[in-house]
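Number of protein chains: 2
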Amino acid sequence: MTAASTPKGERRRQALVVAAGQLLAEGGFDAIRHRAVAERAGLPLASTTYYFSSLDDLVGAAVEHEARQELAAGRAQLDALADARRDTGTVVELILDLLLGTESRHGGVEPVLLRYERLVGTPRRPYLAPLIRELTAELQQLVAEILARSGAEAGREHVRYLFALVDGSVVNALIESDPDPRGAARRMLSAHLEQSP
Amino acid sequence: MTAASTPKGERRRQALVVAAGQLLAEGGFDAIRHRAVAERAGLPLASTTYYFSSLDDLVGAAVEHEARQELAAGRAQLDALADARRDTGTVVELILDLLLGTESRHGGVEPVLLRYERLVGTPRRPYLAPLIRELTAELQQLVAEILARSGAEAGREHVRYLFALVDGSVVNALIESDPDPRGAARRMLSAHLEQSP
DNA sequence: ACCAAAATGGTACCCACGTACCAATATTTA
DNA sequence: TAAATATTGGTACGTGGGTACCATTTTGGT
Chain A
0 MTAASTPKGE RRRQALVVAA GQLLAEGGFD AIRHRAVAER AGLPLASTTY
50 YFSSLDDLVG AAVEHEARQE LAAGRAQLDA LADARRDTGT VVELILDLLL
100 GTESRHGGVE PVLLRYERLV GTPRRPYLAP LIRELTAELQ QLVAEILARS
150 GAEAGREHVR YLFALVDGSV VNALIESDPD PRGAARRMLS AHLEQSP
Chain B
0 MTAASTPKGE RRRQALVVAA GQLLAEGGFD AIRHRAVAER AGLPLASTTY
50 YFSSLDDLVG AAVEHEARQE LAAGRAQLDA LADARRDTGT VVELILDLLL
100 GTESRHGGVE PVLLRYERLV GTPRRPYLAP LIRELTAELQ QLVAEILARS
150 GAEAGREHVR YLFALVDGSV VNALIESDPD PRGAARRMLS AHLEQSP
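This is the structure in structure tokens:
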């Protein structure tokens with residue numbers, strides 16, 4: 000981990016994590032490079048090796064930062080709609096926001112593609128496995144809550160089924176150059192949820 | 000394309016494509032590098048730039064080669080079982096062979112992971128789009144035939160649905176470190192096919 | 001105030017890679 | 001067969017990137 004033991008040091012370290020997180024979101028794992036992170040954070044190159052024992056270490060911190068931030072946003076969004084909305088369309092959009100990111104709302108392949116590149120790139124980074132499992136579990140939990148609140152089947156198996164449906168339609172849309180992968184996922188999801196409330 | 004105009008030249012060019020294809024299958028897009036391809040083919044480095052105007056050109060040729068070879072194998076396998084087998088288990092395995100590759104049968108994450116890395120890496124290589132679309136269509140056609148022969152629903156939409164189901168469960172299995180992604184896909188697929196013959 | 005530890009930042013090393021160059025050969029074709 | 005064209009293969013250039021080094025400077029505790 001290579002922690003910092005000074006307040007200022009801690010701030011710098013955090014700045015690096017944030018910078019790395021932005022780069023991750025904008026360009027995927029490969030965009031996290033020592034020099035890019037340092038420049039983005041306005042810090043010298045050597046600071047990246049000082050606070051992180053390796054690039055993987057930095058990547059791990061960035062992933063955790065981004066993922067937790069996104070989960071928190073999702074939870075907040077969910078809480079804002081606390082008054083049980085049962086409208087299927089709303090539920091679908093909520094789930095899509097959680098699985099594809101809110102950026103995917105404004106169309107375009109890029110944000111969705113980036114996300115799936117990240118997903119598929121994860122197994123090659125075994126050090127991310129524990130973190131990813133934890134975050135996946137929380138995400139499933141969140142979606143289960145949404146389903147429960149809207150009166151839909153919210154069992155573990157059903158949630159996993161919906162995840163597969165969304166991920167599968169997105170992946171297929173991406174490789175077929177469909178300009179609207181979120182739309183593809185929406186259709187699958189809607190069709191499924193409307194017939195089994 | 001930078002074709003060859005000599006028999007020997009054509010053979011060398013082909014050797015490079017085969018080598019690149021092997022590297023692609025073994026290590027993904029990034030494994031296709033001038034030096035690696037040349038070494039694998041037992042040819043000098045410069046031969047790779049002589050026969051292919053760029054690395055992308057070489058990658059394209061490799062993808063086409065591998066994909067067509069695999070499609071042909073799938074078709075052959077299908078024809079061998081021409082006598083309409085209606086057993087769901089057989090159909091499921093056949094579809095999994097086509098979508099995940101026969102290498103995935105002997106367990107292990109690697110071959111499946113490699114395949115999905117390839118899928119997700121495709122959109123970043125726009126020059127592959129036409130080729131991929133063509134091959135995807137043929138693959139769907141193949142699966143439709145399988146379904147039809149076994150008396151299952153074989154409509155375009157249903158096929159797309161099955162693809163999404165398989166791809167989605169695989170992706171989820173991969174990111175959850177499930178050691179048997181093919182098994183995960185098999186369960187989803189079986190469950191679906193057994194209730195809607 | 002003083003010392004040890006933490007932090008800083010500039011620089012350098014080394015490797016992998018895509019690609020270009022070019023003189024020497026081999027192959028075609030008129 | 002001779003000129004034109006295709007091929008060969010060794011080498012070199014330039015870039016990007018991970019990581020190491022190290023002389024200073026700053027900070028925190030006593």
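As you go down the protein sequences, you meet chains A and B in turn.
The first sequence begins at 0 in numbering that gives the first Met the number 0 and counts up one residue at a time.
The second sequence begins at 0 in numbering that gives the first Met the number 0 and counts up one residue at a time.
Note that the Cβ used here is the ideal one computed from N, Cα and C, for glycine as well.
Values in this document were obtained by computation on a predicted structure and should not be read as measured data.
Task: GLU69 of chain B - DSSP class collapsed to helix/strand/coil - done: Counting from 1 along the second sequence, the entry for residue 69 of chain B is found at position 70. Residue state, collapsed to three classes: helix.
Open item on the list: Taking 8 Å as the limit between beta carbons, can you name the residues of its chain near LEU173 of chain A, skipping five residues before and five after?
Closed with: Within the first sequence, the letter at position 174 stands for residue 173 of chain A. If we look at LEU173 of chain A and ignore the five residues flanking it on each side, its Cβ neighbours are VAL108, VAL111, LEU112, TYR115 and PRO180.
Open item on the list: Can you tell me whether ILE174 of chain B is helix, strand or coil according to DSSP?
Closed with: Within the second sequence, residue 174 of chain B is the residue found at index 175, counting from 1. If DSSP states are grouped into helix, strand and coil, ILE174 of chain B belongs with the helices.
TODO: Please decide whether PRO197 of chain A counts as near chain B, where near means a Cβ-Cβ distance under 8 Å.
DONE: Outside the modelled stretch of chain A, which goes from 0 to 196, sits residue 197 of chain A, for which no answer is possible.
- [ ] Could you pull out every residue in the same chain whose Cβ sits closer than 6 Å to the Cβ of THR87 of chain B, ignoring the five residues on either side in sequence?
- [x] The residue labelled residue 87 of chain B in the question sits at position 88 within the second sequence. Once the five neighbours on either side are set aside, the close Cβ partners of THR87 of chain B are LEU192 and GLU193.
Open item on the list: Between ARG132 of chain B and chain A, is any beta-carbon pair separated by less than 8 Å?
Closed with: Numbered from its first residue, the second sequence carries residue 132 of chain B at position 133. Chain A, which has a Cβ nearer than 8 Å to the Cβ of ARG132 of chain B, makes this yes.
Task: Coil, strand or helix - ASP166 of chain B by DSSP - done: Along the second sequence, one-based indexing puts residue 166 of chain B at 167. Helix.
TODO: Determine whether the Cβ of LEU113 of chain B lies closer than 8 Å to any Cβ atom of chain A.
DONE: Here the question's residue 113 of chain B lines up with position 114 in the second sequence. With 8 Å as the cut-off, LEU113 of chain B does not count as an interface residue toward chain A.
TODO: Alpha carbon to alpha carbon, how far is LEU80 of chain A from SER189 of chain A? Give it in angstroms, no decimals.
DONE: The residue you call residue 189 of chain A lines up with position 190 of the first sequence. The residue you call residue 80 of chain A lines up with position 81 of the first sequence. The straight-line gap from Cα to Cα measures roughly 19 Å.
- [ ] Ignore the nearest five residues each way along the sequence and tell me which others in ARG85 of chain B's own chain have a CB closer than 7 Å to its CB.
- [x] Taking the first residue of the second sequence as 1, we reach residue 85 of chain B at position 86. Here the set comprises SER149 and GLY150.
Task: Which of helix, strand or coil DSSP assigns to ASP86 of chain B - done: Sequence index remark: in the second sequence, residue 86 of chain B carries index 87 (1-based). Here ASP86 of chain B sits in coil by DSSP.
Task: Residues from the segment 150–164 of chain A in contact with chain B, defined by Cβ distance under 8 Å - done: ARG159, TYR160, PHE162, ALA163 and LEU164
Task: Distance between beta carbons of LEU127 of chain A and GLY73 of chain A, contact taken as under 8 Å - done: Working through the first sequence from its first residue, we reach residue 73 of chain A at position 74. Working through the first sequence from its first residue, we reach residue 127 of chain A at position 128. Contact flag wrong, Cβ pair sits at about 19 Å.
Open item on the list: Just to confirm before moving on: does the CB-CB distance between ILE94 of chain A and ILE145 of chain A stay below 8 Å?
Closed with: Residue mapping note: residue 94 of chain A aligns to position 95 of the first sequence, counting from 1. Residue mapping note: residue 145 of chain A aligns to position 146 of the first sequence, counting from 1. Result yes, Cβ atoms of ILE94 of chain A and ILE145 of chain A sit closer than 8 Å.
Task: Alpha carbon of LEU44 of chain A to alpha carbon of GLU38 of chain A, nearest angstrom - done: Sequence index remark: in the first sequence, residue 44 of chain A carries index 45 (1-based). Sequence index remark: in the first sequence, residue 38 of chain A carries index 39 (1-based). Spanning the two alpha carbons is a distance of roughly 8 Å.
- [ ] Buried or exposed for ARG10 of chain B, please, with buried defined as at least 16 other CB atoms from any protein chain shown within 10 angstroms of its CB.
- [x] For the purposes of this step, residue 10 of chain B is taken as residue 11 along the second sequence, with counting starting at 1. Exposed, by the Cβ-count rule.
Open item on the list: Do LEU134 of chain B and LEU70 of chain B have their beta-carbon atoms positioned less than 8 Å apart in this structure?
Closed with: For the purposes of this step, residue 70 of chain B is identified with residue 71 of the second sequence, where counting begins at 1. For the purposes of this step, residue 134 of chain B is identified with residue 135 of the second sequence, where counting begins at 1. Going by C-beta atoms, LEU70 of chain B is nearer than 8 Å to LEU134 of chain B.
Task: Coil, strand or helix - ARG155 of chain A by DSSP - done: Here residue 155 of chain A is taken as the residue at index 156 of the first sequence, counted from 1. The answer is helix: DSSP assigns ARG155 of chain A an H, G or I state.
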